[in-house]
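Asker:
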Amino acid sequence: KIFLGWKKRILINMILLKEMVISFLCYNFLKLEDFMDTSFKTRSFKFVYWIMLIFLVGDTLDTFYRTISGYLGDGMSFPGFDLVLQPTTLDIIVFLILQCGAIYGIYLLYKLKKVGGYWFLGSSFLFLIYAKIFGPIAEVSISIILPMLILYFGIYIVMVICIPWYYSDKFE
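Here the sequence shown is numbered in the working numbering, starting from 1 and rising by one per residue.
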């Protein structure tokens, strides 16, 4: 019961953080004077950039929370699927190491470096390979998880590869 209260507090804090970030974006980056006499690409950069970062940070926090609470509790599940997976200690160690790579990728994207997208995507892909061969989804048929993988990696590619490429004048 103590653990359940801890999970609820983290969830409430994540929701409050999301609301604060949205308020910050609306107040600081959607000023009308910024939209005067500039191209769509220039006007949309701040909004798209911050939405990309919020999505990546939110997804990383959600994945971290779901994986750690699944390890400490009764297992983890994926939205929309009836799979319950119980990660092992080795799975958590590999996850934490590769999560550091994903967080470093987000940091590089924050610093407007294109290579951050490759760090994030590479770390996610390496964990997927580990999880499918040795880890918690080794027993699960690929046909069950393939639609979810295509969706998530499609979104990741748009967020971390296509956006920096489209705004290549802003990213190094």
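We treat Cβ as the ideally placed atom computed from N, Cα and C, and that holds for glycine.
1) Let's test the definition: count the other Cβ atoms within 10 Å of the Cβ of D169 and tell me whether it reaches 16, buried, or not, exposed.
2) Can you name the start and end residues of the alpha helix (DSSP H) that A138 belongs to?
3) Can you give me the C-alpha to C-alpha distance between V94 and F153, rounded to a whole angstrom?
4) Given that a residue counts as buried once 16 or more other Cβ atoms are within 10 Å of its Cβ, and exposed if not, what is A102?
5) Please report the residue range of the alpha helix (DSSP H) in which L159 lies.
6) CA-CA distance, Y118 and L83?
7) For L96, which of D74, K114, L61, G75 has the nearest alpha-carbon?
8) Under a three-way DSSP split, which group does S77 fall into?
9) With respect to the alpha helix (DSSP H) encompassing K41, which residues constitute its N-terminal and C-terminal limits?
10) Rounding to the nearest angstrom, what Cα-Cα distance links S141 and K132 in this structure?
11) The alpha helix (DSSP H) with T88 in it runs from where to where?
12) Mind reading off the beta-carbon distance from Y167 to F45? Whole number of angstroms is fine, and I expect it under 8 Å.
13) Run through DSSP, which three-state label would E172 get?
14) Given a threshold of 16 other Cβ atoms within 10 Å of its Cβ, counted over all protein chains shown, does V158 qualify as buried or as exposed?
15) Could you compute how far the alpha carbon of L151 sits from the alpha carbon of S39?
Answerer: Put simply:
1) D169 is exposed by the Cβ-count criterion.
2) Note, A138: premise wrong, no alpha helix (DSSP H); not H, not E.
3) Straight-line measurement puts the Cα of F153 at about 20 Å from the Cα of V94.
4) By the Cβ neighbour-count rule, A102 is buried, with 16 or more other Cβ atoms within 10 Å of its own.
5) A small fix is needed here, since residue 159 is Met in this sequence, not Leu. Where M159 is concerned, there is no enclosing alpha helix (DSSP H), given that its DSSP letter is neither H nor E.
6) Distance from the CA of Y118 to the CA of L83, rounded to the nearest whole angstrom, comes to 29 Å.
7) It is L61 whose Cα lies nearest to the Cα of L96.
8) Three-state result, S77: strand.
9) Annotation: the continuous alpha helix (DSSP H) that includes K41 extends over 40–72.
10) If you take the alpha carbons of S141 and K132, they lie about 9 Å apart.
11) Careful: T88 lies outside any alpha helix (DSSP H) and carries neither H nor E.
12) With 8 Å as the limit, Y167 and F45 qualify as a contact, their Cβ atoms being about 6 Å apart.
13) In the structure shown, E172 sits in coil (DSSP, three-state: anything other than H, G, I, E or B).
14) Result: exposed.
15) Approximately 31 Å, taken between the alpha carbons.
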